[in-house]
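Worksheet: one structure, shown below.
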Amino acid sequence: MPSRADISDQAHRLRQYFEAQGARNVEAETLLPAATLLDLYGEDIRSRAYVTHDPLMGEMMLRPDFTVPVVQMHMESHADPARYTYVGQVFRKQEDRSQRASEYLQVGYEIFDGSNPAQADAEVFAAISGALGDAPVQPSTGDIGLLIAAVKALNTTDARKAALLRHLWRPGRFRAMLDRFGGGGALSEKRQALIAEDNPLVDAGLEIGLRSRAEIMARIAALREDQDTPPIAAEEIALIDALLSLSDVATHVLAPLQEIALALPAVRPALDRLQARCDALAARGVDIDALMFEGNYGRTSLEYYDGFVFGFSIIDRPDLPPIATGGRYDALTRVLGQGREVPAVGAVVRPDLLLEVTSC
Amino acid sequence: MLKLGVPSKGRLMEKPFDWFKDRGVVLRKSGADREYAGAVEGIDGLELVLLSASEIPKELAAGNIHLGVTGSDLVREKLAQWDTVVSELALMGFGQADLIIAVPQFWVDVDTLDDLDAAAAAFRKTHGFRLRIATKYHRLTRDFLREKGVADYALVDSQGATEGAVKNETAEAIADITSTGETLRANGLKILDDGLIHPSQATLFCGATDGWSVEQKASLQNLRIQLGL
Chain F
1 MPSRADISDQ AHRLRQYFEA QGARNVEAET LLPAATLLDL YGEDIRSRAY VTHDPLMGEM
61 MLRPDFTVPV VQMHMESHAD PARYTYVGQV FRKQEDRSQR ASEYLQVGYE IFDGSNPAQA
121 DAEVFAAISG ALGDAPVQPS TGDIGLLIAA VKALNTTDAR KAALLRHLWR PGRFRAMLDR
181 FGGGGALSEK RQALIAEDNP LVDAGLEIGL RSRAEIMARI AALREDQDTP PIAAEEIALI
241 DALLSLSDVA THVLAPLQEI ALALPAVRPA LDRLQARCDA LAARGVDIDA LMFEGNYGRT
301 SLEYYDGFVF GFSIIDRPDL PPIATGGRYD ALTRVLGQGR EVPAVGAVVR PDLLLEVTSC
Chain Y
361 MLKLGVPSKG RLMEKPFDWF KDRGVVLRKS GADREYAGAV EGIDGLELVL LSASEIPKEL
421 AAGNIHLGVT GSDLVREKLA QWDTVVSELA LMGFGQADLI IAVPQFWVDV DTLDDLDAAA
481 AAFRKTHGFR LRIATKYHRL TRDFLREKGV ADYALVDSQG ATEGAVKNET AEAIADITST
541 GETLRANGLK ILDDGLIHPS QATLFCGATD GWSVEQKASL QNLRIQLGL
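Going line by line, the protein sequences match chains F and Y.
Under the numbering used here, the first residue of the first sequence is numbered 1, with each subsequent residue one higher.
Under the numbering used here, the first residue of the second sequence is numbered 361, with each subsequent residue one higher.
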């Protein structure tokens, strides 16, 4: 095991490498207000992050990642474009994987620049790849933007699309929902009776709590509308399945994606972005004939990536977490930017893992 | 000597004494009712310790007691990866209660987790904050809702009288333990059709035996034979 001092040295070498790529060194608080993180990530973050209580500031969280504080800092600085790097500890509870570190250093590289997203995507990937040098790693890529575009292109109601988009990051529920919208499974008798009822709230019981009569009636109206909506065509569901099951090198997935775009033309802009990214990666010397693309990649991570996603795993070490992960998070800047949005892409490297696989 | 922890009060207190007695092991509280020590007859090498049911899981995990009777819900809630820390010697067949998710009866459009998820999405949009679920079972509820893919909720802590949280407008739904459902109904709540998080019952647990002496291991073997386990 490398010592903490060795890991810290490695982290600073990585930071210098990113500074040489044009990134400015920034720092972030270690203790973050829990409310922002909970609002973004939901209850699940509580099972991963350390929550503590400050008598004056209320609930606080030990920094589970840098993305939120760096985005907030950037949005306040109004600097644009900008490239940042940072080194610092992040803290994650490991209840189910107690052998993994619950405190470790991350070194990041983030680009806030909307002028050419494909170039920015390629730049981050190439910077991380360069920083990892000749470590025995295997990159994988994906594109949440393609999946979002495919769902938006489905021939169905906005309500159904919104419901599907909300669960992109929960594959099980997404699948169940897609099957249901495809006509699978009949409504229960209870539900049919509710929809048929003229006055569903008569005898409904005590009216308690904040969720009002109007909200319940709105949901029943939505259920009725959904009942009258024709199922999503089996061919379209098959296209989503085809997209999700893609797993091949980047140059080989373009042809099947072209087929999908023929059937769902609204996917075309997302596909053009993928094509432009592949070109930009190739121009930076990335071997895209060997670069894996997976349609399902990035769907089980924290739900803020909405475009290019990638990770580097260590070859023959499935016991170790990925050595580097990253992606595009335009939507997150929109949520944190109070109306402003800055296209952003970034990634983090674990110096401890890099040292572990290169020092032996 | 093996220390056996038994609840000193609450819904699980009386029945463990009968359960052990039926199997030839007599547990007695020593002296006055308020004392939290006890005596054991009918078997050697066993010592009775009276504790709060909710403290028994962590005392087992810490090795301060070797055996303990408590609710299976409490062990799962209080211990991360509980099954690597303690083992179940016997399901004791009493103290049954279900940890469930309940919502107002008035929510005629919500019968399942699927409905709860849809209601939570709309609620967040309307009110600007996540739908609140009051509970003291944070770990079990969160794990359950994550596994079922429910989003846009927040857990709020409630250590007692949780059934009243909706009426008091401190939460929109609850996750709580119930045996008959009567208190829920009286408070205008109903259980979701697929809202069973964990069916709990009183269980005899054994802590990790790694550090036990030969005598302690022999006492456990002896006890298992006596109890027919």
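From the three backbone atoms N, C-alpha and C, an ideal C-beta is built for every residue, glycine too.
Annotation for Leu32/F: the continuous beta strand (DSSP E) segment containing it runs Leu31 to Pro33. For Pro464/Y, there is no enclosing alpha helix (DSSP H); the residue is part of the beta strand (DSSP E) that begins and ends at Ala457 to Pro464. The three-state reading of DSSP puts Ser8/F in helix, counting H, G and I together. Distances from the alpha-carbon of Tyr86/F to those of Ala79/F, Glu95/F and Met73/F put Met73/F closest. In this structure, the beta-carbon distance from Tyr305/F to Gly311/F does not fall below 8 Å. Taking the CA atoms as reference points, Tyr50/F sits about 13 Å from Ala101/F. Contact annotation: Gly108/F and Gly346/F have beta-carbon atoms nearer than 8 Å.
Its chain contains Gln561 and Thr563 as the residues whose beta carbon lies nearer than 7 Å to that of Leu451/Y, once the 5 sequence neighbours on both sides are disregarded; these appear in chain order. Against Lys190/F, the close residues of chain Y are Asp471, in the order they occur along the chain (beta-carbon pairs closer than 7 Å). By the CB criterion at 8 Å, Ile111/F and Leu355/F fall outside the cutoff.
In this structure, DSSP gives Glu419/Y a helical state, which the three-state scheme calls helix. The C-alpha of Leu281/F is placed about 8 Å away from the C-alpha of Phe125/F.
When Pro81/F, Pro64/F and Glu43/F are compared, the shortest CA-CA separation from Leu500/Y is found for Glu43/F. Take His498/Y, set aside five residues on each side of it, and the residues of its chain with a beta-carbon closer than 6 Å to its own are Leu515, in chain order.
Close partners of Lys527/Y in chain F (Cβ separation under 9 Å): Leu206, Ile208 and Gly209. By the CB criterion at 8 Å, Phe308/F and Arg277/F fall inside the cutoff. Listed along the chain, the chain F residues whose CB falls inside 7 Å of the CB of Ala422/Y amount to none; the nearest CB is some 17 Å away. In the structure shown, the three-state DSSP call for Asn25/F is strand. As far as DSSP is concerned, Glu542/Y takes part in no beta bridge. Between Leu549/Y and Gln465/Y, the C-beta spacing is below 8 Å.
If you draw a straight line from the Cα of Asp143/F to the Cα of Phe293/F, it comes to about 8 Å.
Within the segment 77 to 126 of chain F, the complete beta strand (DSSP E) segments at least 3 residues long are 82 to 91 and 103 to 112, listed from N- to C-terminus. For Gly145/F, the enclosing alpha helix (DSSP H) covers residues Ile144 to Ala153. Any Cβ of chain Y closer than 8 Å to the Cβ of Asp96/F would place that residue at the interface, and such an atom is present.
In terms of Cα proximity to Ala82/F, the closest of Asp113/F, Met75/F and Leu223/F is Asp113/F.
In terms of beta-carbon proximity, Val468/Y lines the interface with chain F, with at least one pair separated by less than 8 Å. A direct Cα-Cα distance of roughly 39 Å separates Ala422/Y from Thr358/F. Per DSSP, Thr430/Y is one residue of the beta strand (DSSP E) stretching across Leu427 to Gly431.
Under a 10 Å Cβ-count criterion, Ser368/Y is classified as buried, with 16 or more other Cβ atoms of the shown protein chains found around its own Cβ. One alpha carbon belongs to Pro376/Y, the other to Phe504/Y, and they sit about 29 Å apart.
About 6 Å separates the CB atoms of Val366/Y and Leu410/Y; that is less than 8 Å, so the two are in contact. The beta-carbon of Leu515/Y is placed less than 8 Å from the nearest beta-carbon of chain F. When 9 Å is used as the limit between beta carbons, Arg299/F is near no residue of chain Y, the shortest such separation being about 12 Å. Chain-ordered, the chain F residues with CB closer than 8 Å to the CB of Gln465/Y read Ala204, Gly205 and Leu206.
Using a CB distance below 9 Å, the part of the segment 23 to 53 of chain F facing chain Y consists of Leu38, Asp39, Gly42, Glu43, Asp44, Arg46 and Ser47, ordered along the chain. Per DSSP, reduced to three states, the secondary structure at Leu187/F is coil, with no helix or strand assignment.
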